[in-house]
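Shown next, in structure tokens, is the structure this report addresses.
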Amino acid sequence: MARLLTLKDWLLTFSAVQESDLRFVGNLCQKRELSPDLSRELRRRLLFRRKLSSFFRSASWHTLSEEELRWCEKKMEEILEKEKRLQELLDRLLALLEDPSNPL
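Sequential numbering of the sequence shown, starting at 840, is according to this note's numbering.
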């Protein structure tokens with residue numbers, strides 16, 4: 840039987856996707872290798888998070904306890920701050936990669 844996506848489920852999923860993207864960018868910085876396909880991969884990750892964020896509106900929160908709602912509020916603040924920083928970082932990387940003067 841299918842169940843509704845709760846706000847808590849969505850927050851955990853979105854947070855995991857953010858962490859995956861941060862690991863990807865971190866590994867990228869450690870390798871110091873840039874490829875022409877990197878821009879496409881970064882855009883794919885941005886689009887995926889954007890699409891995932893659209894599910895937020897349909898996430899059910901009515902069945903959550905007060906404690907879970909407080910946890911959700913705190914987690915949402917963390918996610919929003921991390922998303923802002925991640926978005927800025929990816930925008931800068933894309934600007935560098937897509938700069939016509941870049942030798943890639």
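A virtual CB, placed ideally from N, CA and C, is assigned to each residue, including glycine.
Could you please give the first and the last residue of the uninterrupted alpha helix (DSSP H) stretch that includes residue i?
i: A855; result: 846 to 870
i: L933; result: 905 to 936
i: F887; result: 877 to 893
Apart from the five residues just before and just after residue i, which ones in its own chain have a Cβ nearer than 6 Å to its Cβ?
i: R884; result: D860
Per DSSP, what are the beta-bridge partners of residue i in this structure?
i: S899; result: T845
If residue i sits next to residue j, beta carbons under 8 Å apart, how far is it from one beta carbon to the other, in whole angstroms?
i: L886; j: V856; result: Not quite, the Cβ-Cβ distance comes to about 12 Å (not below 8 Å), so this is no contact.
i: K914; j: S854; result: 7 Å
So, for residue i: in the same chain, excluding its five sequence neighbours on each side, which residues have a beta-carbon less than 7 Å away from its beta-carbon?
i: L925; result: Q857, D860, L861
i: S878; result: L933, L936, E937
Which residues in the same chain as residue i place their Cβ atom closer than 8 Å to its Cβ, once the five residues preceding and following it in sequence are excluded?
i: T825; result: This structure leaves residue 825 out entirely; the chain is present only between 840 and 943.
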